[in-house]
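Student:
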Amino acid sequence: MLLGILDVIRGEAKGTKWAQQYAVESTDNEDIRQARAKAFIHLYLKVMFGLTEFAERESFITDGSYDGGIDGYYIDQDTRRIYLIQAKFRNTERNFETKEIEIGELLVMEIYRITGGKTEDEKGEGYNGKIQGLIRRISEIPDIGRYNYHVVILANCKLPAEQLRKLTDGHPATVFNFERSYNEFVFPIVSGTYFKAQEVTIRLDLNNKSAGAKTSYSVGTPDYQCEITVLFVPTLEIARAMDKYRNSLLEYN
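Numbering (numbering that gives the first Met the number 0), first residue to last: 0 to 252.
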C-alpha cells in the first residue's frame, strides 16, 4: 500500500521538468527505487504540513549530491520551527520494517555549518542548489533568533533521545519508524484525513484592507475596562483557512 501511494506521488511529476527524476516512464528498478525514496519525503511534507502541490513540496527536497546530509526541510512560520529531514527509505517490506539507520548516516548531517550560513562543506565543496536555497531562506528570516531547529528522521532508529541529540548538534529529533509511518502517513492518506495540525494558527493580512475592515470600541464593566476589536474577514480568507485546517477543525471543534 505504501509503495502504491509513493508511485501516485511519482506520477504527479508527469509532464513536469521533474518527470525523469521521479522515473515517471521508467521501468528500471534502481531508478524507481531512488524516485520512491524522494517521494517518501514528499509524503511526509504532504501529511504533516498540508502541502498538496507537487512543485511546492519539491522546493523543499534537497536530497542529492553535496546535500550536507540533509534530504529535505520545511520552515514553519506559524510555530517558528525549522525542520531538517534525514530519510532512509527501504524498498522491501522486510527491510522497511526491520533495518535501522546507521549512526554514520546521521553523522553526515552538517547541521551546524548549514544553519550557520556556510555555503561549503567541510571538504570545501559547495553545497547543491537546494541547500543553498535553504541557507538563503534562513538568512532572510528577520526574527531567526525566535526559531528552533528540529531534526526529523524518516527511518527506524532505536537510539535514546539523549544520544540522538549528540548526533544532531543538540537539536531535538523525532523518529518516524515503520509503525509511525504506517499510522501517521499511510492511514491518513487512505482515509482522507491527512494533515491534522497540532496547533491551528490563522494569520490574516489586513494591511491593505480599507478602514472599514475593522472597528474598535471600549466597553466598561464593574471590574474591567475592555477594548474590543471586531474584524470583518473576507470570505475567501475563511475558505482558505477551512480548506487547510479542515481535518483539525473537524476533530477539535
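Glycine included, each C-beta is placed from N, C-alpha and C at the ideal position.
Please specify which runs of the beta strand (DSSP E), each continuous and at least 3 residues long, are wholly inside the region 66 to 95, giving them in chain order.
Tutor: 71 to 75 and 80 to 86
Student: If you reduce the DSSP assignment to three classes, tell me which class Tyr126 lands in.
Tutor: coil
Student: Just to confirm, is the Cβ distance from Arg9 to Ala34 under 7 Å?
Tutor: Arg9 is a Cβ neighbour of Ala34, given a cutoff of 7 Å.
Student: Find out if the Cβ-Cβ distance for the pair Phe59, Gly49 is shorter than 7 Å.
Tutor: Going by C-beta atoms, Phe59 is not nearer than 7 Å to Gly49.
Student: By Cβ distance, which residues of its chain are closer than 7 Å to Leu5, with the 5 residues on each side in sequence left out?
Tutor: Arg35, Ala38, Phe39 and Leu42
Student: Tell me whether Ser180 is buried or exposed, calling it buried when 16 or more other Cβ atoms sit within 10 Å of its Cβ.
Tutor: Buried, since its Cβ has 16 or more Cβ neighbours within 10 Å.
Student: May I ask you to report which of helix, strand or coil DSSP gives Thr214?
Tutor: strand
Student: Under DSSP, the alpha helix (DSSP H) around Asn28 begins and ends at which residues?
Tutor: Asn28 to Phe48
Student: Which residue comes first and which comes last in the beta strand (DSSP E) that contains Tyr148?
Tutor: Asn147 to Leu153
Student: Do the region 104 to 112 and the region 16 to 36 touch if we need at least three Cβ pairs shorter than 8 Å?
Tutor: no
Student: If contacts are defined as beta-carbon pairs under 8 Å, then Asn155 and Lys98 qualify, I think. What distance do you get, rounded to the angstrom?
Tutor: Correct: roughly 6 Å between the Cβ atoms.
Student: Excluding five sequence neighbours on each side, which residues of the same chain lie with their C-beta closer than 8 Å to the C-beta of Arg164?
Tutor: His170, Pro171 and Ala172
Student: Where does Gly219 fall in DSSP's three states?
Tutor: Gly219: strand per DSSP, three-state reduction.
Student: Would Ala18 and Ile31 be called neighbours here (beta carbons separated by less than 7 Å)?
Tutor: no
Student: According to DSSP, is Ile143 helix, strand or coil?
Tutor: helix
Student: How many Å lie between Glu124 and Ile84 at the Cα?
Tutor: 21 Å
Student: Work out the CA separation of Tyr65 and Phe184 for me, nearest whole Å.
Tutor: Each residue's Cα considered, the two are about 28 Å apart.
Student: Evaluate Ala86 with the Cβ neighbour count: other Cβ atoms within 10 Å of its Cβ, from every protein chain shown; 16 or more gives buried, anything less gives exposed.
Tutor: Classification for Ala86: buried.
Student: Return the bridge partner residues of Ala22 from the DSSP annotation.
Tutor: Looking at the DSSP assignment, Ala22 forms no beta bridge with any residue, so it has no partner.
Student: Should Gly67 and Ile130 be called a contact, given that it needs their Cβ atoms to be closer than 7 Å?
Tutor: yes
Student: Are the CB atoms of Ile81 and Tyr126 within a distance shorter than 7 Å?
Tutor: no
Student: Please report the straight-line C-alpha distance between Ala238 and Ile100, rounded to a whole angstrom.
Tutor: 42 Å
Student: Determine the contact status of Ile110 and Asp168, defining contact as a CB-CB distance below 7 Å.
Tutor: yes
Student: Determine, for Ile100, whether the minimum Cβ-Cβ distance to residues of chain C falls below 7 Å.
Tutor: Chain labels in this structure do not include chain C; a single protein chain is all it has.
Student: Please classify Thr114: is it buried, with 16 or more other beta-carbons within 10 angstroms of its beta-carbon, or exposed?
Tutor: buried
Student: Say yes only if the C-beta of Thr51 is nearer than 6 Å to one or more non-hydrogen atoms of the ligand COA, and no if none qualify.
Tutor: The ligand COA is absent from the structure shown, which contains no ligands of any kind.
Student: Taking the C-alpha atoms as reference points, what is the distance between Val232 and Lys213?
Tutor: 9 Å
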